Amino acid sequence: MSALPQTSPSPSHQVISLANGFSKISVNQQEIVKIFNQKSGMVMQGMCKFEEKFENLYPLFRGLSEAGKPKSLNLRFSSVEKAVYFYYPEVNQTEVTQFFSELVLVLQKEVKFKKILKEVIINRNRFRSEQFLLHNAMMA
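Its first residue numbered 1059, the sequence shown is counted upward by one per residue in our numbering.
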């Protein structure tokens, strides 16, 4: 059972393409992760490297990928580098690309959610401050 959403992105909505050798994943015009890959014989190999500002997504990436990765995909995690090294048979390119696309969509949604949550908290704190000032002005 996969921890990732069961809806698969259609080919026109695919977030990444592992055939290109390099993908940059962005949210709000900020890069969150870079994925490098290359063919080596009958195997594709590569790495995912989180940008410094988004290294906090590494544990989520690790947990989700461990929970729902294809059997053909081999992952090695480096907590120190906040990077993931991978390899898989070239014949499984479509399956692995779909998996990484779904995983990246979850990460993008997480970044957007955290941004909105931060704005909501800021607005709520402003509202409380305004209420406090109004209450003090009325009691004076």
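No residue lacks a Cβ here, since even glycine has one placed at the ideal position from N, Cα and C.
All values derive from a computational prediction rather than experimental measurement.
{"Item": "Bridge-paired residues (DSSP) for M1196", "Value": "BP columns for M1196 are empty, so no partner."}
{"Item": "Residue from E1109, N1132, A1198 with nearest C-alpha to Q1151", "Value": "N1132"}
{"Item": "Straight-line Cα distance separating F1108 from K1173", "Value": "18 Å"}
{"Item": "Own chain, CB closer than 6 Å to Y1146, minus 5 neighbours either side, in chain order", "Value": "M1102, S1130, L1131, V1154"}
{"Item": "Identity of the residue in Y1116, S1123, F1144 nearest V1138 by Cα", "Value": "Y1116"}
{"Item": "Among R1134, S1081, K1111, nearest to G1121 - alpha-carbon criterion", "Value": "R1134"}
{"Item": "Beta-carbon contacts of E1168 that lie in its chain and below 8 Å, excluding the five residues immediately before and after", "Value": "L1115, L1118"}
{"Item": "Pairwise C-alpha distance: Q1096 and K1111", "Value": "26 Å"}
{"Item": "is_contact[K1097, chain D] using C-beta, thresh 8 Å", "Value": "Any reference to chain D falls outside this structure, which holds one protein chain only."}
{"Item": "G1104 vs I1093 beta-carbon contact at 8 Å", "Value": "yes"}
{"Item": "Exposure label - L1191; buried when at least 16 CB within 10 Å", "Value": "exposed"}
{"Item": "Bounding residues of the alpha helix (DSSP H) (the contiguous stretch that carries S1123)", "Value": "1116-1126"}
{"Item": "Where Q1189 falls, given that 16 or more other Cβ within 10 Å makes a residue buried", "Value": "exposed"}
{"Item": "Three-state class that DSSP yields for Q1166 in the structure shown", "Value": "helix"}
{"Item": "Through-space distance from S1136 to Y1143, alpha-carbon basis", "Value": "8 Å"}
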